[in-house]
Amino acid sequence: MGHEGHHHEEKKPLSFFASPLIDHTPHESSGHNYQHTATSESGSDLEQQQKHTAYTGAQPHDPTQPDFANADCSLHDNPAYHRHAEATTAELFYDLFFVANLTTFTSLLEINDKNSLTAYIGFFSLLWLTWYQVSLYDVRFSADSVFERVAKAIHFGVMVGFAVIGPQWKPGQYIEDYKIYKAFGLILMVSRITLFAQYSVTLFYSKKFKSTVIPIGLVMGSTLLAAILYGALTPVFPNIKLDAEGFVLETKSNAYIAWYVIGISETILTVAVSCIWRVISFKGTHMVQRMSLLTLIILGEGIIVICKSISKIVKNEYLWTAAVVGQIIAAVLIIYFLYMLYFDRLQEEHFGSIKQQIWSFLHFPLHVVLVLVLHGVSLLVIWRQAVESLDVLMTNWTPASLWLDDGTVTNNTVFADYVSVADAGNITYGEAFAEYMNITVYNQVYSWIPKGVDASKEIKAVETSYKNLVEGLDNFIADTANETAHQQWVDGWNEMTAATLKTLFDTFSVSTPKSKNKSVGSKVVPDPDTTIIGYYKVFDLILAYTFIAGGLALLVTTLLGFISLPKKERRVSQYIPLGINALFGIGLCLVSVIRYSENNLISFLGSVWMVPTICLTFFFCVVINHIRLPKRKSH
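Numbering of the sequence shown is given in my numbering, commencing with residue 191 and proceeding in unit increments.
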C-alpha cells in the first residue's frame, strides 16, 4: 500500500526541484492530500479531519471541538507534508551503505584494549549520527527530484568516505600523518552542507506557512554551524613534523573529540526543535519503521560476526565439543532474544510526538550497546575454543615441564617414552626433550594453521628454540654450574611455548595490543606466562564490556518499551515486567565487577558459563514480558 502513491507520481516527469508538500497549489481537491498522507498513526477520523483542514484551510464543522480552532489561530498555516507509509527505495539503498561500513569496520578493527574499544564506539557514533541526520530529513521532507537524487548521491559519497577512513581510524594514538583525518573532517562538512541545501529547498516551498520558518530555520542554522565547525577543525590536526635527522615524528591529537560533541549537539538540537515546533515533528512519518529496520540491520551484523567466529573454529579443524556447541547455540539465541525484547514492545501506533522523538534518539545508545554485546559474544565463543585448545597444550607440556623442574618422569605418557629412548643412549636428553616439544606444538598448532594466517616468524622461532633446547640441555646436564647453558635452554623453552601460544590465538584472529615501549638493545625473549596473561587481559576487557553492554541493552529496550506504552496499556501488569527487565539489566552490568577479583575472574574466564549467563538472562526477561497477571473479576 505504501508505494501506491509513488506509482501514480512516477508517471510525472522528474523535475529539478520538488515540493515536500502534498500539493502546493492552494485550490486542488483534498482527496489527493488524503491519498499521500500517512495513515499509520491512529487512523482516527479526527486526525484525518485535521490533516484535511491543514491542507484546505477550512474549519472543521464539529460542534464538540469549539476550542480547537481558537487554540491555533491559523490552522491553514500548518502545511501538510508528503508522508510515506514505509521506507523508500532510496532510503533502503542508503541503509546498505551503513551496513557495509559497519561490517567492514568491524572486521578491520580488533578490540583488544581501551583505545581500540573507544575507537570502535567513536567511529560507530559518527557513522550513526550521520545516518540519523540524513534520515531525519528523509522521513519528513524528502520528495523525488533531480536535486534530491544529487543530494542522495553526495550522502552515498559521504558513506564511502567513512569506508576510506575506517582502516586508518586510530583516534587518540600517536601517528605520523593526519591528512586522512583532515579529509574526513571535510567529508563531514560536505554532508552537513548538503543537508543545509536540502532544508533550504524545504523552507523555500514552506515559507508561506509562517509556522515553519522558525523551526526549519533553526535546523538549517544548526546544520550550517556544524558544517562550519567540521571545516574549521581541519587545520587543528597537526601537520607532519620531522626530527633533527629528517625522520617523521609521531604526534597525538585529541581534536577528533570535537566531532563527537558537534554530532551529538546538532542531533539533540534537531530533535529538540521538532519537539517544540510540532509542525515539523515525526508525527505521521515512518520513523518507527526506519529505526526498527536499522535495529534489524544491526542484529543482522551480529549474526555475521558470530558466523565468522564459527568459520574460524571450522577452519582450524577443531573437534566440536559439547561446550563449544553450547556457546554457539547460546550466542545465536542471544540475537533472537534481543530481537524479541525489542520488537515485542514495538508500537506501530503513534504514542506522542515528543515521546516518539525521544524514542527515536534513544536508539543511538541502543545500537551502540547492541554492536558491542554481539561483537563481544562472538569473541567469547572463540575464547571457549581457545581455552579447550590451551588445556590440551598444557596437558601435553606438563610432563616435560615437571621433568625440567626436578627430573620427575610421569609414567604412561608420551614424554616418558622419549626419556626411555634417551636412557637407552640412542639420543641425548636434550634431543629427546626438544623433539617431544617440537612434535607436540606441530601436532596441536602448526600443522593446522588455516590459510591467511602468517606464522612464518613463529615457525622460525620454534626452529631456533629447538636448537637452543638441544644444546642448552645437553650442556647443562653435563655441567649444572654452566649458567650460559641454563639460560640457553630456558630461553628455548620460553620462546617455543610463547610462539606457540601466540600462533594459537593468531589462528582465531585474536592478538594482544602492541607494546608502547620500543625495545632498545638486546632482544627480549618472550615467556609463556607473560604471553598468556596478555591474552587474559584482552578477554578480561571483552568480558567486561560484553556484560555491561548486555545489561545496558536490557535497560534501553526497557526504557523504549516504557516510553512507547500506549495510554490504554499503562497499568501495573505492564510496569512489573519492565521493572524486572531493568533489574536484570543492572545485574548483568554488575557481573563485570568480577574483574576486580583475580581468582574469580580467572575461574569465570575458564568456565563455560559466560555466554550462557547472558543468554539465560535474556530468555528469562522474554518469558517475563509475556506473563500476564489474571484480571480481577468484576462484580
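Quick reminder that beta carbons are idealized off the backbone N, C-alpha and C, glycines included. Model, not experiment: these values are computed from the prediction.
Whole-Å CB distance - residue i paired with residue j, under 8 Å assumed
i                 : j                 : result
glycine 362       : lysine 431        : Their Cβ separation, rounded to whole angstroms, is 18 Å, which puts glycine 362 and lysine 431 out of contact at 8 Å.
leucine 749       : leucine 552       : 6 Å
alanine 333       : proline 210       : 5 Å
threonine 392     : isoleucine 406    : 6 Å
leucine 583       : glutamine 634     : 5 Å
isoleucine 804    : isoleucine 524    : 6 Å
leucine 560       : leucine 528       : 7 Å
glutamine 479     : alanine 277       : 6 Å
leucine 423       : alanine 445       : 6 Å
leucine 795       : phenylalanine 698 : Actually they do not touch by this definition, with Cβ atoms about 15 Å apart.
phenylalanine 207 : phenylalanine 337 : 5 Å
glycine 492       : leucine 564       : 3 Å
Length of the line joining the Cα atoms of residue i and residue j
i                 : j                 : result
proline 428       : tryptophan 467    : 42 Å
valine 762        : alanine 772       : 15 Å
tyrosine 364      : alanine 513       : 41 Å
valine 680        : alanine 622       : 16 Å
glycine 474       : alanine 270       : 10 Å
leucine 778       : methionine 530    : 18 Å
threonine 227     : phenylalanine 533 : Any answer about threonine 227 is weak, because its pLDDT of 39 lies below 50 and its placement is not dependable; what the coordinates show is given next. Taking the straight line joining both Cα atoms gives about 25 Å.
leucine 684       : serine 568        : Note that residue 684 corresponds to asparagine in the displayed sequence, not to leucine. Near 30 Å, if we compare the C-alpha coordinates of serine 568 and asparagine 684.
threonine 485     : asparagine 628    : 49 Å
isoleucine 817    : glutamate 759     : 15 Å
glutamine 239     : lysine 397        : Caution applies to glutamine 239, whose pLDDT of 42 falls short of 50 and renders its modelled position unreliable; the value that the coordinates give is listed next. Roughly 23 Å between the two C-alpha positions.
phenylalanine 541 : serine 205        : 36 Å
leucine 570       : methionine 481    : 28 Å
isoleucine 519    : leucine 489       : 16 Å
tyrosine 656      : lysine 641        : 25 Å
histidine 272     : tryptophan 318    : 25 Å
serine 230        : histidine 476     : With a pLDDT of 37 at serine 230, under the threshold of 50, the predicted position of this residue should be treated as unreliable, though the coordinate-derived value follows. Answer to the nearest angstrom: the Cα atoms are 8 Å apart.
proline 703       : isoleucine 355    : 21 Å
serine 499        : leucine 292       : 17 Å
isoleucine 722    : threonine 603     : 25 Å
isoleucine 792    : asparagine 601    : 30 Å
alanine 668       : lysine 692        : 33 Å
phenylalanine 288 : tryptophan 321    : 7 Å
valine 495        : alanine 734       : 19 Å
isoleucine 753    : leucine 556       : 14 Å
arginine 574      : aspartate 581     : 11 Å
valine 609        : alanine 290       : 56 Å
serine 264        : isoleucine 301    : Because serine 264 sits at a pLDDT of 46, beneath the cut-off of 50, its placement in the model cannot be relied upon, and the point is left open.
threonine 598     : serine 705        : 37 Å
tyrosine 245      : tyrosine 389      : Unreliable placement is indicated for tyrosine 245, whose pLDDT of 41 sits below 50; the coordinate value is still reported in the next sentence. Going by the C-alpha atoms only, they are around 21 Å apart.
phenylalanine 808 : valine 783        : 20 Å
valine 798        : isoleucine 617    : 43 Å
asparagine 815    : isoleucine 776    : 17 Å
Residues bridged to residue i (per DSSP)
i              : result
tyrosine 271   : Leu211
valine 438     : Leu432
isoleucine 365 : Thr441
Continuous alpha helix (DSSP H) stretch holding residue i: start and end
i              : result
asparagine 790 : 788-795
tyrosine 446   : Looking at the DSSP string, tyrosine 446 is not in any alpha helix (DSSP H), and its letter there is neither H nor E.
threonine 475  : Neither: threonine 475 is in no alpha helix (DSSP H) and is coded neither H nor E.
arginine 574   : 553-596
tryptophan 510 : Unbroken run through tryptophan 510: none, as it is neither H nor E.
valine 660     : 646-668
serine 754     : Neither: serine 754 is in no alpha helix (DSSP H) and is coded neither H nor E.
lysine 641     : Where lysine 641 is concerned, there is no enclosing alpha helix (DSSP H), given that its DSSP letter is neither H nor E.
serine 412     : 400-422
isoleucine 311 : 304-331
serine 610     : 604-613
histidine 676  : 673-696
leucine 768    : 762-781
lysine 342     : 336-355
Contact check, residue i vs residue j, beta carbons under 8 Å
i                 : j                 : result
phenylalanine 374 : leucine 414       : no
threonine 402     : valine 324        : no
threonine 654     : asparagine 586    : no
leucine 316       : glycine 453       : yes
valine 813        : alanine 521       : no
alanine 624       : valine 660        : yes
valine 652        : isoleucine 572    : no
leucine 663       : tyrosine 626      : no
serine 543        : phenylalanine 472 : yes
phenylalanine 695 : alanine 576       : yes
Contact with chain B by residue i, beta-carbon distance below 8 Å
i             : result
histidine 553 : In the structure shown, chain B cannot be found, because there is only a single protein chain.
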